[in-house]
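>
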Amino acid sequence: MRPWTRQLVARLVAASTAILAVGMPLLTLAARPAAALPPALATNWTITGSARNHSSSPEIADVNGDGVPEIVYGDLDGWVHVRRADGSELPGWPQLAQPDGAHPAAVESSPTVADLDGNGKMTVIVGAGSSWIANQSGGVVAFNADGSLRWRMQTGDIMASPSMRPVPDGYSEGVFSTPAVGDVDGDGHPDIVFGAWDNKIYALNRDGAALAGFPFWQDDSVWSSPALYDIDGDGRMEIFVGGDSTLGGSVPWNGGVFWALDYSNGGIHELWAHKQVDEVVDGSPAVADLGDGRLAAVVNTGSFYNNVASRQVFAWHLDDGSPVPGWPVTTGGVNSGGVATGDVNGDGHTDVVVTSRDGNVYAYRGDGSLLWKVAPQAAGEGGGEVSGAPIIADVNGDGKQDVVVGNGWATFTLNGHDGARLFSPLDEGWSFQNAPAVGNFGAAGWRLVVTGMHPNGGGVVSSFSIAKPGTTNEWPQWRKNAPHVGAPVSGGNPIAPNLCARPTNPDAHPSDASGRGYWELGIDGSVYAFGVPDYGSPAALGIHSWMVNVAPTGTGNGYWVLGRDGGVFSFGDAAFQGSMGGKPLNAPIISMAPTPSGKGYWLLAADGGVFSFGDAAFWGSTGAMHLNAPIISMAPTKTGKGYWLLALDGGIFSFGDAAFAGSTGAMKLNSPVISMAAAPSGTGYWLLAADGGVFSFGVPFYGSVPGTGVCSPPRGTQIRPTKTGQGYWLLAGDGGVFSFGDAKYFGAKGGLSFAAMAVDLAVRK
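Count along the sequence shown starting at 1, add 1, and that's the number in our numbering.
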């Protein structure tokens, strides 16, 4: 029987040290001719310090809920940082990761930011424990957005197997694995999944308690970060993760194992597994369709045996574990950094990018054929081994995917088509053994963020300005997305769970006089038509940016779709009148309202700023006011000579000929108000709360969702009136539609995940 986790840690310490020793000839660099250098990215700021930033990749996520993301990462001193776009720490941060409640533990895991309660408040979840720092207790710590502790848990001490004699050393084992967040047990709430060096795979509920049947005994240490995806469509996310295996344990093999685990009947079960991989599967799987119409898990292995399998990248179908044709592929060295998937050559098909310790970055087509192989460093530059993970994003704004990756000397930006350098190396002289990240920081613009370390001590964090992407970034950070599931987000919503049942209510007063149908808009740019023609969508054009509104034209023969960045997309007979796309904004654009003539529209920002286009007149805004709560919605009057603005606390602001009819501003609410609809008569309006409650002011009450007993909608719900004003529809975040009064039910999408959640309903009147 070969040594267990503590010995594995020792060999990985040695391997990691060797990487830096070989890859960091900092004092013998040969300068390249100035004429050969590509252009440089503008540096926003660089922060250096004593704390080393090793394997913890930065996550870009909106922690404090102000509409602008922050940069979240950990370091080897045990600090978890949350920095604003200007580099300053968010109030309450940094915080020490202390799984045992008393002593800090180094952070190698990448923090995950998720809304665990469905109330818009984020939690930062991070694993702790390092192969670089001895004698620390590992586990997972969850922090509230303000830095206060939500919960902590410790893993177990190492033991050979459940039936063998424990060999404890007094410290709980580390968590190198990045937590993934998704609904594993199907209860409608997110769970937290990760592996640990105590030979177990964990799934915790949002309160930090283990789900029934967990932890799952894995036979040996787990370094892999799990991917989550609901492959069987049962509303529960399956777990796909690699591990170590040793002859004599539950997996009879010296090498590695890859698990596909399914939660059902109150316990965890093997969906399928590959139990005889010839190398430890340390890699973290990426889930993608490689071209045969079936999703696959793509994963690299490790370096323990240093054999052929150490240089291979595998791809197995997600549903049954069968190999994808053309895979595995074999590179020229150990593939320890990780994989990323995206269409890097622009042919409409998914490619795979992997890094190797032979000094090269490899890009493969979905069929396993080599697209390109590039050594990012030039002759005379250091850091030959590439042990960091790549990301895939459009960093030069040309609408095509590029590759960004670090090595032991710098971070490199590569053209996705052929791997050629786009910009000069970033942060030369620093080592990068994690993944960079790309994100939109609102008024501060798009940024590329890197975190690294120096072999002689000290860490670095830098922010660089990049062009606004001309397309949706396909793998912009470690593990692809904010919940770190390493996959397209599926059912079993990882951030805001689907709490709505699919609509079953009958038509109360079915009448085409109330409207001729409606369109649902998904946050991913998809438009779903019910009783009406489909005039197109941003998603169909390959645009998957964050969408917030769909608004019909006066004829009902077209609509506008609004993006959160202020971009406006026109379909059917909708005429483009202008937008805020590409313009500096103080706050994200959150709402759109057309004028009665259909020859103009207003755009609303989260700070209450109003932007007028076409024949839309400006009647005032709250942009310069001090508000108790942010503005979230607007509704024009029937004349178009005024509008109401709705704040999150239910406060109403009236401009032009909009008459104030009352509000919930002074009421104690069970849930916040999230949407408003003005009656066609102009006599009043309805307000909708997040729990489905409806409040009527100057207009009749026709019913609400809580009274039906069928739904507790997630945020993203909207209310839209009928043409007669004698009823309304409620749209739930999962795409369910509920009709009241004379609103006719035409159908609904239903069952949408958070990544494609319904955000607006446009009625054809």
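For glycine and all other residues, C-beta sits at the position ideal for the given N, C-alpha and C. Here the structure is a predicted model, which is why all the values come from computation and not from measurement.
Check the C-beta distance from Val674 over to Leu688 and give it rounded, since I have them as a contact under 8 Å.
5 Å
> Name the one or two DSSP bridge partners that Asn441 has.
Trp447
> State the CB to CB distance for the pair Gly409 and Gly384, rounded to an integer number of angstroms; the pair is presumed to be in contact (CB under 8 Å).
3 Å
> For Asn416, which beta-bridge partners are listed by DSSP?
The partner list for Asn416 (beta bridge, DSSP) reads Asp403.
> Contact between the region 337 to 355 and the region 383 to 397 is defined here as three or more beta-carbon pairs at a separation below 8 Å; is this criterion met?
yes
> When the Cα of Trp520 is compared with those of Asn587, Ser323, Gly564 and Trp730, which residue comes out closest?
Trp730
> Are the CB atoms of Val83 and Ala98 within a distance shorter than 8 Å?
Against a cut-off of 8 Å, the Cβ pair of Val83 and Ala98 comes out as no contact.
> Please classify Met2 as buried or exposed, where buried requires at least 16 other C-beta atoms within 10 Å of its C-beta.
Note that Met2 scores 30 on pLDDT, short of 50, meaning its location in the model is unreliable; the coordinates nonetheless yield the value given after this. Per the 10 Å Cβ criterion, exposed.
> Would you call the region 598 to 607 and the region 627 to 637 in contact, with 3 or more CB pairs under 8 Å?
yes
> Can you have a look at His350 and say buried or exposed, based on whether 16 or more other CB atoms are within 10 angstroms of its CB?
exposed
> Leu229 and Val486: beta carbons closer than 8 Å?
yes
> How many Å lie between Ala22 and Phe305 at the Cα?
Caution is warranted here: a pLDDT of 34 is assigned to Ala22, below 50, making its placement in the model unreliable, and no coordinate value can be reported.
> Give me the residue from Val182, Gly249, Gly543 and Gly68 with the minimum Cα distance to Phe241.
Val182
> Counting pairs of beta carbons, one from the region 110 to 128 and one from the region 56 to 63, are three or more of them closer than 8 Å?
yes
> Alpha carbon to alpha carbon, how far is Thr473 from Ile544? Give it in angstroms, no decimals.
6 Å
> Grouping DSSP H, G and I as helix and E and B as strand, with all else coil, what is Arg153?
strand
> Classify Ser173 as helix, strand or coil using the three-state DSSP reduction.
coil
> What residue does the beta strand (DSSP E) around Pro637 start on, and which one ends it?
Ile632 to Pro637 is the extent of the beta strand (DSSP E) around Pro637.
> Helix, strand or coil: how does DSSP classify Ala310 here?
helix
> Throw me the rounded Cβ distance for the Ser225 and Gly243 pair, which I believe falls under 8 Å.
4 Å
> If you draw a straight line from the C-alpha of Gly66 to the C-alpha of Gly121, how long is it?
Using only the alpha carbons, I get a separation of about 7 Å.
> Candidates Thr556, Trp133, Gly663 and Tyr264: which alpha carbon is nearest Leu205's?
Tyr264
> Less than 8 Å between the C-beta atoms of Ala143 and Pro100, yes or no?
no
> To the nearest angstrom, report how far apart Ala433 and Thr452 are at their CA atoms.
One point to set straight first is that residue 433 is Phe, not Ala, in the sequence displayed. Whole-angstrom Cα-Cα distance: 7 Å.
> Quick one: residues in its chain with C-beta nearer than 6 Å to the C-beta of Asp368, no 5 flanking neighbours on either side, listed in chain order?
Gly327
> Let me know the secondary structure DSSP gives Leu205 once reduced to three states.
strand
> Looking at the structure shown, is Ala390 part of a helix, part of a strand, or coil, going by DSSP?
coil
> CA-CA distance, Leu248 and Glu90?
48 Å
> Give the DSSP-derived three-state secondary structure of Ala436 in the structure shown.
In the displayed model, Ala436 falls within coil according to three-state DSSP, outside both helix and strand.
> So, at 7 Å on beta carbons, what are the nonlocal neighbours of Leu423 in its own chain, with the 5 sequence-adjacent residues on each side left out?
Pro39, Val396, Asn397, Asp403, Thr414, Leu415 and Asn416
> Nearest to Val611 by CA position, among Ala364, Asp192 and Leu646, is which residue?
Leu646
> Are Asp293 and Val330 closer than 8 Å when you measure CB to CB?
no
> Taking a contact to mean a Cβ-Cβ separation below 8 Å, would you say Ser58 touches Asn441 in this structure?
no
> Check the DSSP bridge columns for Phe614 and list the partner residues they point to.
According to DSSP, Phe614 bridges with Tyr602.
> Please check the pair Gly651 and Gly666, which I expect to be a contact at CB under 8 Å, by giving their CB distance rounded to whole angstroms.
5 Å
> Assuming Gly243 is part of the beta strand (DSSP E), what are its boundary residues?
Glu239 to Ser246
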